[in-house]
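Participant: Oh and the sequence shown: position 83 is 83 in this note's numbering, straight run, nothing missing.
Where is the CB? At the ideal position from N, CA and C, for every residue including glycine.
Source: prediction; values computed, not measured.
Got a structure for you, written out below as structure tokens; questions coming shortly.
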Amino acid sequence: MGEIKSIEELANFCKRRGFVYRSGEIYGGLAGFWDFAPLGLALKQNIKREWWGFHVDEREEVLGIDGAIITNPKVWEASGHVQGFVELAVKCKKCGFKFKVEKSEANAAKCEKCGGEVEVLGEFNAMFKTKVGPLESDSVTAYLRPETAQSIFVNFKFLFENFRMRLPCGVAQIGKAFRNELSPREFLFRSREFEQMELEYFIHPSSECEWMGEIKGIKVRVLTANEQNSGKGKELGKEMELFSAWKEGVIKNSWHAYWIAKELEWFSSLGANLKNFRVRQHTAKERSHYSSDTWDIEYNFPMGWRELQGFANRGDFDLSQHEKFSGKSLEVNDPKHG
Numbered sequence: 001m002g003e004i005k006s007i008e009e010l011a012n013f014c015k016r017r018g019f020v021y022r023s024g025e026i027y028g029g030l031a032g033f034w035d036f037a038p039l040g041l042a043l044k045q046n047i048k049r050e051w052w053g054f055h056v057d058e059r060e061e062v063l064g065i066d067g068a069i070i071t072n073p074k075v076w077e078a079s080g081h082v083q084g085f086v087e088l089a090v091k092c093k094k095c096g097f098k099f100k101v102e103k104s105e106a107n108a109a110k111c112e113k114c115g116g117e118v119e120v121l122g123e124f125n126a127m128f129k130t131k132v133g134p135l136e137s138d139s140v141t142a143y144l145r146p147e148t149a150q151s152i153f154v155n156f157k158f159l160f161e162n163f164r165m166r167l168p169c170g171v172a173q174i175g176k177a178f179r180n181e182l183s184p185r186e187f188l189f190r191s192r193e194f195e196q197m198e199l200e201y202f203i204h205p206s207s208e209c210e211w212m213g214e215i216k217g218i219k220v221r222v223l224t225a226n227e228q229n230s231g232k233g234k235e236l237g238k239e240m241e242l243f244s245a246w247k248e249g250v251i252k253n254s255w256h257a258y259w260i261a262k263e264l265e266w267f268s269s270l271g272a273n274l275k276n277f278r279v280r281q282h283t284a285k286e287r288s289h290y291s292s293d294t295w296d297i298e299y300n301f302p303m304g305w306r307e308l309q310g311f312a313n314r315g316d317f318d319l320s321q322h323e324k325f326s327g328k329s330l331e332v333n334d335p336k337h338g
């Protein structure tokens, strides 16, 4: 096989070789939905098996769960998805391409494809709605989960106490998530149905990672928010040892640096070349409201750099929100820190 130079070539290769193709293709498919053929399924299962082994089976402090796709809708009210997962849809007046923008950018937005002027179509919520209950009169509105994280947060206290966990500790799961994307595109990278491999790691705010020696020698290109804002190193960043990036204050949180390095170690164990990776810090403009600092591991695909994994310092935002909306305490007692 020659070098794949575009996302279209990659999609054609995956279909031709029996990895993945459009769902319901004999009817023309449905945008954002994909079926995995035997080779694609085998590859996906192998990746999930390796991920689970590395993050759960080989770590004493990490447990696994399998949360429901549909849960009590109050979960999504508390998380902010019902009110905050609303986005603004615009359409290019020239080529007709539809995409989403931030409200503050609507007046200055240009078409992502041709650079043309756009018109506002309106707001939309990216969660899929459904009805729970066989009779319309008795049914309640629920949602297909847009992320796997929240079932970890709502179960945290139960898991911590019943399985005698101690900080630091983690909860992992692999499962489906759904987002009603306005314009599904770029093959599998912007789909409406997909799987996430999630690890939420819980620490005491004052604790430092005691295992930093494990990450010495792991190098990757690092692109900071300041470099992006100033225009320096905009494309690639600077190659750094992640241990040094932490020591020098580039990555301020030791746990952030540790887990970024461990994920790169995992990718490397699969045969990936870290020369094709970079670690990029979110700018203040793009960083989610619940995060004090966010970093992505990105890969240089044929269509450019794209996120593979995200590392957000969420603090106690999620647990506090679920305490507030449920009226139940999610505080736990940690003997080491109190």
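Which of the three DSSP states is assigned to E87 in this structure?
Facilitator: strand
Participant: Along the chain, where does the alpha helix (DSSP H) containing L264 start, and where does it finish?
Facilitator: 254 to 269
Participant: Take the Cβ of R280 as the centre, count every other Cβ of all protein chains shown within 10 Å, and call the residue buried at 16 or more, exposed below.
Facilitator: buried
Participant: Would you list the residues sitting across from N300 in a DSSP beta bridge?
Facilitator: Under the DSSP definition of a beta bridge, N300 partners with W305.
Participant: Select from G175, N180, G327 the residue whose C-alpha is nearest the C-alpha of K44.
Facilitator: G175
Participant: From this set, S137, G96, T130, C114, which residue's C-alpha is nearest L121's C-alpha?
Facilitator: G96
Participant: Rounded to a whole number of angstroms, what is the C-alpha to C-alpha distance between E25 and L41?
Facilitator: 17 Å
Participant: Report the three-state DSSP secondary structure of F189 (helix, strand or coil).
Facilitator: Under the three-state reduction of DSSP, F189 is assigned to helix.
Participant: So the beta strand (DSSP E) I174 belongs to, where does it begin and stop?
Facilitator: 169 to 178
Participant: With E298 and F267 assumed to form a contact (beta carbons below 8 Å), what rounded beta-carbon distance in angstroms separates them?
Facilitator: About 12 Å separates the two Cβ atoms, so there is no contact after all.
Participant: Quick one: measure Cβ to Cβ for E50 and L270, integer angstroms, because I've assumed they're closer than 8 Å.
Facilitator: 6 Å
Participant: G18 lies in the alpha helix (DSSP H); which residues open and close that run?
Facilitator: Neither: G18 is in no alpha helix (DSSP H) and is coded neither H nor E.
Participant: What residue does the alpha helix (DSSP H) around L242 start on, and which one ends it?
Facilitator: 242 to 247
Participant: Compute the distance between the beta-carbons of A126 and T148, then report whether it is under 8 Å.
Facilitator: no
Participant: Can you list, in chain order, the residues of its chain whose CB lies under 8 Å from that of Q321, leaving out five sequence neighbours each side?
Facilitator: A78, S79, G80
Participant: Whose C-alpha, out of N333, A31, F19, E8, is nearest the C-alpha of E181?
Facilitator: Of the listed residues, the one whose Cα sits closest to E181 is A31.
Participant: Are the segment 239 to 249 and the segment 212 to 229 in contact at 8 Å, needing three or more beta carbon pairs?
Facilitator: yes
Participant: In the DSSP output, what is Q196 paired with across the bridge?
Facilitator: G175
Participant: Terminal residues of the continuous alpha helix (DSSP H) containing N46?
Facilitator: 38 to 52
Participant: In the segment 115 to 140, which residue ranges form an unbroken beta strand (DSSP E) of at least 3 residues, counting only runs that do not cross its ends?
Facilitator: 118 to 125, 129 to 132
Participant: Count the other CB atoms within 10 Å of the CB of Q150; is the residue buried (16 or more) or exposed (fewer)?
Facilitator: buried
Participant: From this set, G315, Q309, L274, K275, which residue's C-alpha is nearest S292's C-alpha?
Facilitator: Answer by Cα proximity: G315.
Participant: Chain C beta carbons: is any one of them nearer than 8 Å to that of C169?
Facilitator: No chain C appears in the structure shown, which is made up of a single protein chain.
Participant: Going by CA-CA distance only, name the one from R179, A37, Q228 that's closest to K129.
Facilitator: R179
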